[in-house]
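Protein chains in written order, with our numbering: chain A, 483 to 741; chain B, 101 to 387. For each residue, glycine too, the CB sits at the ideal point set by N, CA and C. This one's a predicted model, so the numbers in the text were calculated from it and none came from an experiment. Take a look at the structure below.
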């Protein structure tokens, strides 16, 4: 077997990753730069971060996002878990069809979901608020929690359930005391995933948010349109840091679950 | 088993309690709104932006006007270019990753997925940062004396397409990687033993087997890129308009919802056709 070292693939990977990471790195580095514009480094500072805290809009957008994504995550986990348990335990006609139907909201482009819910709220006379954003987010987050939890249930030992029933546990009691505790890890990791999707959404929220209810992603979107700003660099750095941490935690949890 | 029917009833009610809420939710907040927007596309509009509930095809007639057809054509073209570039980057990346050692494989996949966890908006902003008049690229070019004044990169079609390629490449890497990884190594060995050159091996074995991966990647990139109005807004600065912007404007500033709905239905129809074509193709390849 001849094996010559070919530098091509390594170079390609290096170039691809460089293009991917350099813009992000530049943004992070310049969030600590004293100078407001340009690319010359004039010294380390944290003033853009402090200035950010003094922006009431940014702080409010952050709290809005926490409320919206928090409620979305909670409801999505519960509704997804229940549906997954039902799907796992019962067989019925049209199950496969229902399964693919319940998956559609995640494939449909976020923007379509946004405009259709927007018109729907209008005809139902529902005023736009944080609640209307939450409804929209739950709609595309439940399929995520549902599918994650369902796939974790496929490895669940059915004999434990039978044992519980034989020992006199009711149908609901079995679900509550036996099935639920077993899917907690999947509920947590799918919840983190749902939180990420909800937190990052712009295309749906853009249409269904009330005037004072903009989420952090929407706030960033509004700011981006006005151009490059060091405070925005700082905000982006904070968001990137927390999202990457969240992503790593999710991955780690999913890996532990598989073991 | 003294009470079979009550057991059955109980079972049914638990089933409804578990599956019911999610199904009801999806019908109420997904099917109804979507059905409403389809019917809205056949409604009229009065002078004040109000909706007139009477059947008309006017919106679809407006849609056929050259202005809108041009935007649609441009969107389809831009999405196509974006998809081609994404494929050209994602394919070799996925192929290299799929054939590397287990550790390198994990590192390469993590390398492309980590930025994907961060908001797409922030990645778009990062692009703005380096392409602006006093950003990294222009400072670099000016410093080298390659250009006399800053290049206008930001707020062009190029910037929009670059942003789309930048944000959507991971979407293509994942299905391709999953697909290429499954290709049986012994198949390649057999080819090599029978005297196939690396190029022939790729063209006759690897590439045909990876078509399903390419197709799913294309769907994952092409459809969202038609809708990503925020990328066109941020990197195109209002000068580069795609169909996503036009739809978004109808629902916000222009207040012509029925027309916006018709546009949305059109793009939705195109997307559905693409997905159907994909299913047909993968079925055919599956024999």
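Which residues of chain A have a Cβ atom closer than 8 Å to the Cβ of residue 232 of chain B, listed in chain order?
-> Close to residue 232 of chain B, with beta-carbon spacing below 8 Å, are these residues of chain A in chain order: 709 and 710.
Distance, Cα to Cα, residue 583 of chain A vs residue 304 of chain B?
-> Distance between the alpha carbons of residue 583 of chain A and residue 304 of chain B is about 37 Å.
Going by beta carbon distance, what residues of the same chain come within less than 6 Å of residue 323 of chain B, once the five residues before and after it are set aside?
-> Taking residue 323 of chain B as the centre and dropping the five residues before and after it, the same chain places the C-beta of 371 closer than 6 Å to its C-beta, in chain order.
Whole-angstrom distance between residue 268 of chain B and residue 506 of chain A, CA atom to CA atom = Taking the straight line joining both Cα atoms gives about 15 Å.
Does any residue of chain B bring its CB to less than 7 Å from the CB of residue 499 of chain A?
-> Chain B, which has a Cβ nearer than 7 Å to the Cβ of residue 499 of chain A, makes this yes.
Residue nearest to residue 176 of chain B in terms of C-alpha spacing, selected from B:380, B:321 and B:361 = With distances taken between Cα atoms, residue 176 of chain B lies closest to B:321.
Give the DSSP bridge partners of residue 526 of chain A, in chain order.
-> DSSP output for residue 526 of chain A lists A:515 as bridge partner(s).
Can you have a look at residue 564 of chain A and say buried or exposed, based on whether 16 or more other CB atoms are within 10 angstroms of its CB?
-> Answer is buried; the Cβ neighbour count reaches 16.
What are the partner residues of residue 145 of chain B, as DSSP defines its beta bridges?
-> Paired residue(s): B:151.
Check whether the stretch 487-507 of chain A touches the stretch 217-230 of chain B, taking contact to mean three or more Cβ pairs, one atom from each stretch, closer than 8 Å.
-> With the cut-off at 8 Å, the stretch 487-507 of chain A and the stretch 217-230 of chain B touch.
Compile a chain-ordered list of the residues in the stretch 223-248 of chain B whose CB is closer than 8 Å to at least one CB of chain A.
-> When C-beta distances to chain A are compared with 8 Å, the residues of the stretch 223-248 of chain B below that value are 223, 224, 225, 226, 227, 228, 229, 230, 232, 234, 235, 236 and 239, in chain order.
Does the stretch 140-159 of chain B come close enough to the stretch 342-351 of chain B that 3 or more CB-CB pairs lie under 8 Å?
-> No, the stretch 342-351 of chain B is not in contact with the stretch 140-159 of chain B.
Between residue 565 of chain A and chain B, is there a C-beta pair that is closer than 7 Å?
-> Closer than 7 Å: yes.
For residue 377 of chain B versus residue 140 of chain B, is the C-beta distance shorter than 7 Å?
-> The Cβ atoms of residue 377 of chain B and residue 140 of chain B do not sit closer than 7 Å to each other.
Quick one: using the 10 Å Cβ neighbour count with 16 as the cut-off for buried, is residue 727 of chain A buried or exposed?
-> With fewer than 16 other Cβ atoms within 10 Å, it is exposed.
Contacting positions in the stretch 704-737 of chain A - beta carbon closer than 7 Å to chain B = In summary, the residues of the stretch 704-737 of chain A whose CB is separated from some CB of chain B by less than 7 Å are 706, 707, 710, 714, 718, 721, 722, 725, 726 and 729, in the order they occur in the chain.
Look at the Cβ atom of residue 334 of chain B, then the Cβ atom of residue 617 of chain A, and state whether they are nearer than 7 Å.
-> No, the pair does not count as a contact, with Cβ atoms beyond the cut-off.
Put residue 184 of chain B into one of helix, strand or coil per three-state DSSP.
-> Helix at residue 184 of chain B.
Within chain B, partners of residue 544 of chain A - CB distance below 9 Å | Contact annotation for residue 544 of chain A against chain B: no contact, minimum CB-CB distance about 13 Å [criterion: below 9 Å].
Taking residue 587 of chain A and residue 595 of chain A to be in contact with their CB atoms under 8 Å, please state how far apart those CB atoms are, rounded to whole angstroms.
-> Residue 595 of chain A and residue 587 of chain A do touch by the CB rule: their CB atoms are close to 7 Å apart, below 8 Å.
For residue 522 of chain A, which residues of its own chain have a beta-carbon under 7 Å away from its beta-carbon, when the five flanking residues on both sides are left out?
-> The answer is none, since no qualifying residue turns up.
Compute the distance between the beta-carbons of residue 557 of chain A and residue 657 of chain A, then report whether it is under 7 Å.
-> With contacts defined as CB atoms closer than 7 Å, residue 557 of chain A and residue 657 of chain A fail to qualify as a contacting pair.
Cβ-based neighbour list, residue 195 of chain B, same chain, cut-off 6 Å, excluding 5 preceding and 5 following = Within the same chain, Cβ atoms closer than 6 Å to the Cβ of residue 195 of chain B are found at 280, the five residues on either side in sequence being excluded.
Closer than 7 Å, CB to CB, is residue 109 of chain B near chain A or not?
-> Closer than 7 Å: no.
Any C-beta of chain B sitting closer than 7 Å to the C-beta of residue 488 of chain A?
-> Closer than 7 Å: no.
Spell out a yes or no on whether the stretch 663-678 of chain A and the stretch 179-197 of chain B are touching, meaning 3 or more CB-CB pairs, one atom from each, closer than 8 Å.
-> Output reads no: the stretch 179-197 of chain B does not touch the stretch 663-678 of chain A.
Looking at C-alpha atoms only, which residue of B:255, B:178, B:271 and B:241 is the closest neighbour of residue 213 of chain B?
-> Here the closest residue by C-alpha is B:271.
For residue 109 of chain B, does the three-state DSSP call read helix, strand or coil?
-> In the structure shown, residue 109 of chain B sits in a helix (DSSP, three-state: H, G or I).
Does the beta carbon of residue 744 of chain A come closer than 7 Å to any beta carbon on chain B?
-> The requested residue 744 of chain A is not part of the displayed model; chain A covers only 483 to 741.
Helix, strand or coil at residue 172 of chain B [DSSP, three-state] = Reduced to three states, the DSSP call for residue 172 of chain B is helix.
Which bits of chain A does residue 334 of chain B rub up against, with CB to CB less than 9 Å?
-> Within chain A, the residues near residue 334 of chain B are 703, 706 and 707.
Note down, in chain order, every chain A residue with its Cβ under 9 Å from the Cβ of residue 168 of chain B.
-> Residues of chain A with a Cβ closer than 9 Å to the Cβ of residue 168 of chain B do not exist; the shortest Cβ-Cβ separation is about 17 Å.
Short Cβ contact (7 Å threshold) for residue 692 of chain A with residue 598 of chain A = Contact: no.
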